[in-house]
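Before any comments, here is the structure.
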Ligand SMILES: [Fe+2]
Ligand SMILES: [Fe+2]
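Structure representation (structure tokens):
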């Protein structure tokens, strides 16, 4: 799933002047740049090219970018075009409602656990660009075989919410097979998938003590996995999702925070407290209405206030769970604070923001940038790191350096 940067043959790409990219227009191609001699993927196809994107190029001293020469579009048409009138192609409320409905009734899974030749007794769907389609129908009575062609389908793989227990059984049966369970990546992905299920349940029922206990256990499993092998972070992360899911985001922020905690040599006991807080950092979103959470475009003032209140709501929920250590409240309370004092809800600055708050703030921002939202495509990890790094002053510079080093291998 994750590899080191590959040297790509630049001959199969066309070089164009960076200043030819049109501000205010979506890119009809993936954009690559040469960074210290290595070709890196900088902008995703479909991304709105903005002034910030332009600034990042300028700051990096990039005057030439590369696009694939076999892309199915006319470069001349693009270069002679002007900015798009509509900044979002998703302005159809009916389509959007339909999409929100589907999303709530389904659960996103990592297809890398679906092994060719195994049988599943739950149906699979994919969601891509607001379209949901059935990939394979299956049930307990008529199971389906996983084939390569199923796995080649692009988009987010989803299952029905009601089939989650069957998926859970599928994962457990995989782990019982010696040939499969011995592989550390399978173990790591299984931990991630189980964590997503638990967090999804917890967001539906945030006062469940049993789910809190389960999430603590899974955080411990993640830490063991990462202490054993630091590269397992890549299997624990969900990379390049096609859409945003609060449960996937929670698990990603937890994995990234633990990774950073391991990288700066925190004690295991502290990493546990950090991890549980990071896993639960957005639990207050369970109190935010779906229409606001899934809204396309900008939130109005009232909606924004409700959204920001997820921090305080989250604290209220966590206080009902006596077994949560006090230090685990820090990631939840401080993940939107910025060193410059421009964050929320307390507008803390400098030393007022504790280490756990600083760590989760970086993890949260990075994951938000690399995730697609209804109103914006995902940024590539490389571009996201450039943006986070650009926000100088908002994030802890030393932690940021370690974070960039830690994720430097992501393509
Ligand atoms: Fe948040
Ligand atoms: Fe978050």
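In my numbering, the protein residues as written are 678 to 1088. Glycine is no exception: its CB is placed at the ideal position from the N, C-alpha and C atoms. Quick caveat: nothing in here was measured; it's all calculated off a predicted structure.
- For residue 1048, the three-state secondary structure derived from DSSP is coil.
- Within 8 angstroms of the C-beta of residue 1045 there is at least one heavy atom belonging to ligand 2.
- By a beta-carbon distance limit of 8 angstroms, residue 721 contacts residue 1054. Their separation comes to about 5 angstroms.
- Taking the Cα of residue 1070 as reference, the smallest distance to any Cα among 1059, 1058, 1079, 1014 is reached at 1014.
- Contact annotation, residue 877 with residue 784: C-beta distance approximately 6 angstroms; criterion of less than 8 angstroms satisfied.
- The residue from 897, 913, 737, 914 with its alpha-carbon nearest to that of residue 944 is 897.
- DSSP, read as helix, strand or coil, puts residue 703 in strand.
- Where residue 985 is concerned, the enclosing alpha helix (DSSP H) starts and stops at 978-985.
- When 1008, 713, 886 are compared, the shortest CA-CA separation from residue 1032 is found for 1008.
- Apart from the 5 residues on each side of it in sequence, residue 939 sits with its Cβ closer than 7 angstroms to the Cβ of 903, 904, 907, 948 in its chain, given in chain order.
- According to DSSP, residue pairing for residue 795 in a beta bridge does not occur.
- Among the bridge pairs identified by DSSP, residue 712 is matched with 715.
- Of all alpha-carbon atoms in 929, 867, 829, 891, the one lying nearest the alpha-carbon of residue 846 is that of 867.
- DSSP places residue 899 inside the alpha helix (DSSP H), whose first and last residues are 886-905.
- Rounded to whole angstroms, residue 862 and residue 979 show a C-alpha spacing of 44 angstroms.
- One residue after another in chain order, those with a Cβ under 5 angstroms from a heavy atom of ligand 2 are 959, 1041.
- Taking all protein chains shown into account, residue 690 has 16 or more neighbouring C-beta atoms within 10 Å of its C-beta and is therefore buried.
- Residue 792 sits away from residue 848, with the two beta carbons spaced by 9 angstroms or more.
- Relative to ligand 1, the nearest heavy atom lies less than 8 angstroms away from the CB of residue 962.
- At least one heavy atom of ligand 1 lies less than 8 angstroms from the C-beta of residue 988.
- A direct Cα-Cα distance of roughly 22 angstroms separates residue 975 from residue 927.
- Taking 8 angstroms as the cut-off, one finds no heavy atom of ligand 1 near enough to the beta carbon of residue 718.
- Less than 9 angstroms divides the Cβ of residue 961 from the Cβ of residue 987.
- For residue 967, the distance from the CB to the nearest heavy atom of ligand 1 is not below 8 angstroms.
- Every unbroken stretch of the alpha helix (DSSP H) spanning 4 or more residues and falling wholly within the segment 989-1017 is given here in chain order: 1006-1011.
- Out of 832, 884, 797, 781, the CA that lies nearest to the CA of residue 815 is found in 797.
- Per DSSP, the beta-bridge partners of residue 821 are 797.
- Distance from the CA atom of residue 930 to the CA atom of residue 984, rounded to whole angstroms, is 18 angstroms.
- Counting along the chain, residue 1061 sits inside the alpha helix (DSSP H) bounded by residues 1058-1067.
- Residue burial is scored here from C-beta neighbours: residue 900 has at least 16 other C-beta atoms within 10 angstroms and is therefore classed as buried.
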